[in-house]
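Top to bottom, those sequences are chains A and B. Residues 8 to 213 (the working numbering) are what the first sequence spells out, left to right. Residues 8 to 213 (the working numbering) are what the second sequence spells out, left to right. Below: one structure, written as structure tokens.
Number of protein chains: 2
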Amino acid sequence: MARTPVEERRRALIVAAFRVVASQGLSAASTRAIVAEAGMSLASFHYAFESRDELIDLLITEVLANEEKAVLPAVLTGKSLVELLSEGLKGYLDHLRADPFHEQAMLELTQYALRSRPPLARDLYAQYTRIAAASLELAAEQTGHCWTVPLPTAAKLLVSLTDGLTLSWLVDRDDARAEEIVAAAARAVAALARPTPGSGASEEPS
Amino acid sequence: MARTPVEERRRALIVAAFRVVASQGLSAASTRAIVAEAGMSLASFHYAFESRDELIDLLITEVLANEEKAVLPAVLTGKSLVELLSEGLKGYLDHLRADPFHEQAMLELTQYALRSRPPLARDLYAQYTRIAAASLELAAEQTGHCWTVPLPTAAKLLVSLTDGLTLSWLVDRDDARAEEIVAAAARAVAALARPTPGSGASEEPS
DNA sequence: CGCACAGTGGGACACTCGTCCCAGTTCCGG
DNA sequence: CCGGAACTGGGACGAGTGTCCCACTGTGCG
């Protein structure tokens with residue numbers, strides 16, 4: 008019978024829901040499909056949650072909060088800006104390839120939020136932008152560069168780029184092509200920075 | 008009673024279906040919602056189509072084919088590469104702002120196709136890439152540049168960028184910010200080209 | 001003028017959905 | 001040991017879904 012406290016059950020249901028969304032899509036994430044994935048009965052669902060909507064909301068916020076760690080690369084010193092950017096994007100690509108359905112589910116949840124919980128979607132993107140900004144600032148600092156566009160702008164550009172890259176890879180799953188795009192993207196973004204004068208950092212080879 | 012031939016009815020149902028998807032999302036595009044939007048009865052639906060799935064499939068292919076014209080900018084001579092790219096992206100942004108739900112619907116259909124009709128999604132993106140490649144090639148030619156990465160790579164990068172831009176604008180609908188991103192993106196992409204030696208084109212001001 | 005047939009309307013089917021209820025079971029404090 | 005509360009299982013309800021069927025109406029051809 009497996010008696011478990013409500014809070015634990017809520018968590019189990021949320022992760023089960025995410026698994027269903029990832030493997031079959033949001034529209035297939037019915038209460039019955041979720042409890043089946045979690046191995047419990049329908050009554051437990053409405054004992055733990057008021058409604059399916061509440062679960063979905065929590066699923067989005069939860070997943071949103073856990074996304075933070077994903078992209079930040081292990082920054083190494085002694086690399087050029089292009090290399091740093093390239094490796095950061097490459098890291099994200101690896102993360103995407105390791106669990107494509109995870110990112111696909113994120114996209115699906117974002118789109119759902121876009122329609123029915125716009126503030127949630129905004130929060131999600133604000134968070135992405137914050138991470139991107141931090142990464143960009145760090146990378147520039149490490150290599151003695153400064154950005155020639157406002158940091159938030161560059162950050163949003165980077166977020167857009169990763170989003171687009173995600174969609175692109177999900178569509179044709181061409182790893183080689185994806186790495187070429189990443190390399191090009193890194194060079195393109197790096198072009199928005201210039202060496203800080205007098206910082207002693209090496210210039211970009213032209 | 009309004010008797011209309013099947014083919015016309017099919018077309019009417021497809022555009023009605025797209026309107027429903029755009030305004031309420033794919034999951035709300037039930038047979039009943041679609042026929043209501045088209046102002047006909049349920050029986051007419053299954054007289055014109057075998058099933059809802061057939062309609063959705065046709066909706067995707069149809070909409071896919073009509074997307075071609077959207078982005079190609081009215082290329083003007085006597086502009087720099089950055090300006091050309093910037094105006095092209097700006098044109099897309101205007102198109103997006105003019106009818107946000109159209110692009111949101113496209114995204115939703117893409118994601119649906121990604122899950123249940125992968126080849127369709129691939130076709131769609133191949134088409135996007137073709138358009139992007141043509142635009143990039145034209146722009147470089149007009150301004151006496153050549154790309155330092157393979158054209159298909161640059162094209163896919165551009166597609167990724169517009170996709171990401173779309174999502175980004177849909178999420179926070181900040182026009183000013185979007186234009187800044189577009190400007191930055193144009194500069195970044197332009198950095199992937201260099202002036203063709205001996206073509207007499209003006210160099211980029213550094 | 002009739003008649004076959006393309007096209008139409010409304011109702012019906014089987015199914016899935018979210019939600020709820022209620023009779024049970026297990027646990028914990030007294 | 002026992003009573004109440006936390007938790008569970010299964011079945012039920014009404015609404016919405018895709019699909020189908022059948023009686024009906026026009027239209028065009030013989």
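Beta carbons: idealized from backbone N, C-alpha and C, even for Gly.
Residue interval of the beta strand (DSSP E) (run including residue i)
i: Pro202 of chain A; result: Ala200 to Pro202
Expected contact under 8 Å - CB spacing of residue i and residue j to nearest Å
i: Leu116 of chain A; j: Ile67 of chain A; result: 5 Å
i: Ala198 of chain A; j: Trp154 of chain A; result: Rounded, the Cβ-Cβ distance is 11 Å, inconsistent with contact.
i: Ala55 of chain B; j: Arg17 of chain B; result: 5 Å
i: Ala43 of chain A; j: Leu91 of chain A; result: At roughly 45 Å, the Cβ-Cβ gap does not stay under 8 Å, so Ala43 of chain A and Leu91 of chain A are not in contact.
i: Asp170 of chain B; j: Asp170 of chain A; result: 7 Å
i: Asp5 of chain B; j: Tyr132 of chain A; result: A question about residue 5 of chain B goes unanswered here, because the residues of chain B that appear run from 8 up to 213.
Endpoints, alpha helix (DSSP H) assigned at residue i
i: Asp181 of chain A; result: Premise fails: Asp181 of chain A is in no alpha helix (DSSP H) and is neither H nor E.
i: Phe56 of chain A; result: Note, Phe56 of chain A: premise wrong, no alpha helix (DSSP H); not H, not E.
i: Ala146 of chain B; result: Pro125 to Gln149
i: Ser30 of chain A; result: Val13 to Gln31
i: Ser93 of chain B; result: Leu88 to Ala105
i: Thr155 of chain B; result: Taken as a continuous stretch (DSSP letters only), Thr155 of chain B belongs to no alpha helix (DSSP H), as it is neither H nor E.
i: Ala45 of chain A; result: Thr38 to Ala45
Cut-off 6 Å between Cβ atoms - residues of its own chain near residue i, not counting five sequence neighbours on either side
i: Ser209 of chain A; result: Only weak support exists for where Ser209 of chain A lies, its pLDDT of 48 falling under 50; the coordinates are left without a value.
i: Ala139 of chain B; result: Ala162, Leu165 and Val166
i: Glu69 of chain A; result: Ile21
i: Arg184 of chain A; result: none
i: Val156 of chain A; result: Leu199
i: Glu238 of chain B; result: This structure cannot speak to residue 238 of chain B, because chain B is shown only from 8 to 213.
i: Arg194 of chain A; result: Val89
Three-way DSSP call (helix, strand, coil) for residue i in this model
i: Arg122 of chain B; result: helix
i: Glu210 of chain A; result: Unreliable placement is indicated for Glu210 of chain A, whose pLDDT of 47 sits below 50; the coordinate value is still reported in the next sentence. DSSP places Glu210 of chain A in coil when its eight states are reduced to three.
i: Ser48 of chain A; result: coil
i: Leu83 of chain A; result: coil
i: Glu115 of chain B; result: helix
i: Ala35 of chain B; result: helix
i: Arg10 of chain A; result: coil
i: Glu74 of chain B; result: coil
i: Gly171 of chain A; result: helix
Same chain, Cβ closer than 7 Å to residue i, five either side skipped, listed in chain order
i: Leu65 of chain B; result: Ile21
i: Ala35 of chain A; result: Val27
Contacts around residue i, its chain only, beta-carbon distance under 8 Å, and the 5 residues preceding and following it disregarded
i: Ser213 of chain B; result: Confidence in Ser213 of chain B is poor, its pLDDT being 41 and thus under 50, which makes the residue's placement unreliable; the coordinate value appears in the next sentence. Answer for Ser213 of chain B: no residue qualifies.
i: Glu211 of chain A; result: Reliability fails at Glu211 of chain A, whose pLDDT of 46 lies under 50, so the model's placement of it is uncertain and no value is given.
i: Val189 of chain B; result: Ser93, Leu96, Lys97, Leu100 and Leu172
Legend entry - Near-chain B residues of the segment 115-126 of chain A (beta-carbon distance less than 7 Å), N- to C-terminal order: For chain B, the residues of the segment 115-126 of chain A that bring a beta carbon within less than 7 Å of one of its beta carbons are Glu115, Gln118, Leu121 and Arg122, in chain order.
Inset, instruction - Can you give me, in chain order, the residues of the segment 78-111 of chain A that have a beta carbon less than 9 Å from any beta carbon in chain B? - result: Hits within the stretch, in order: Gln111.
Inset, instruction - Could you name the residues of the segment 33-45 of chain B whose beta carbon sits closer than 9 Å to any beta carbon of chain A, in the order they occur along the chain? - result: Residues of the segment 33-45 of chain B with a C-beta less than 9 Å from any C-beta of chain A: Leu33 and Ser34, listed in chain order.
Inset, instruction - Pull out every residue of the segment 190-203 of chain B whose Cβ sits closer than 7 Å to any Cβ of chain A, in chain order. - result: Here the close residues are Ala191, Ala192, Arg194, Ala195, Val196, Ala198 and Leu199.
Legend entry - Interface positions of the segment 58-71 of chain A facing chain B (Cβ-Cβ less than 8 Å), listed along the chain: From the segment 58-71 of chain A, no residue has a Cβ closer than 8 Å to chain B.
Inset, instruction - Anything in the segment 165-189 of chain A with a Cβ closer than 8 Å to a Cβ of chain B? List those residues in chain order, please. - result: Within the segment 165-189 of chain A, the residues whose Cβ lies closer than 8 Å to some Cβ of chain B are Val166, Ser167, Leu168, Thr169, Asp170, Gly171, Leu172, Leu174, Ser175, Leu177, Val178, Asp179, Arg184, Glu187 and Ile188, listed in chain order.
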